[in-house]
Amino acid sequence: MVAPRVEAFAAQMPGGLSRRDQRAKGELYVRGLLLDGKRKSMQPMAQRLEVDHQQLQQFASSSTWDYADVRQCLAGWAQQFLAPRAFVLDDTGFPKDGQDSPGWRGCTAGAG
């Protein structure tokens with residue numbers, strides 16, 4: 001069961017995408033990232049969402065959407081919801097979980 005707050009957040013993030021199918025897949029992808037579960041690669045996320053993993057894979061790798069729009073939406077949400085006094089960009093990495101994780105090169109994400 002996905003919390004209504006998570007569903008609302010996930011629905012808002014890809015709101016700037018022009019195509020309805022992209023927004024739907026984007027919402028699934030965000031929900032998959034926010035759900036409990038150690039692995040955040042496509043197949044485990046799809047299992048938790050009870051969808052075909054290819055939907056998530058195609059959205060992340062093949063769609064013609066601009067990540068800057070999603071980042072702008074996220075920054076707007078943070079500004080409104082969190083009302084931060086400052087933004088801090090942290091480039092420290094986090095450990096990847098296995099060779100099938102996106103961006104895995106035997107290092108940590110953000111650190112190489």
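Under the UniProt record's numbering, the very last position in the sequence shown is 112; numbers go up by exactly one each time. For each residue, glycine too, the CB sits at the ideal point set by N, CA and C.
Next item on the list: Mind checking which residues open and close the alpha helix (DSSP H) that includes LEU17?
Entry: For this step, residue 17 is matched to residue 17 along the sequence shown. Element bounds for LEU17: n/a, residue is neither H nor E.
Next item on the list: Could you tell me the boundaries of the alpha helix (DSSP H) in which SER61 lies?
Entry: Taking the sequence shown and counting its residues from 1, the one referred to as residue 61 is at position 61. Note, SER61: alpha helix (DSSP H), 53-62.
Notebook entry, point to check: How about ALA49 and ARG31: are their beta carbons less than 8 Å apart?
Noted result: In the sequence shown, counting from the first residue as 1, residue 49 sits at position 49. In the sequence shown, counting from the first residue as 1, residue 31 sits at position 31. In the sequence under discussion, the amino acid at residue 49 is Leu, which differs from the Ala named in the question. With respect to the 8 Å criterion, LEU49 and ARG31 are classified as neighbours on the basis of their beta carbons.
Checklist line | Separation of GLN12 from PRO4, as counted between CA atoms | finding: The residue labelled residue 4 in the question sits at position 4 within the sequence shown. The residue labelled residue 12 in the question sits at position 12 within the sequence shown. Distance from the CA of PRO4 to the CA of GLN12, rounded to the nearest whole angstrom, comes to 12 Å.
Notebook entry, point to check: Going by C-alpha distance, which of PRO44, ALA68, ASP69 and ASP66 is nearest GLN57?
Noted result: What you label residue 57 is simply residue 57 of the sequence shown in a count that begins at 1. Of PRO44, ALA68, ASP69 and ASP66, the smallest CA-CA separation from GLN57 is found for PRO44.
Margin query: Can you check which of these residues, ASP90, GLN55 and GLN80, is closest to ASP21 by C-alpha distance?
Written below: For the purposes of this step, residue 21 is taken as the residue at position 21 of the sequence shown. When each option's Cα is compared against that of ASP21, the closest is GLN55.
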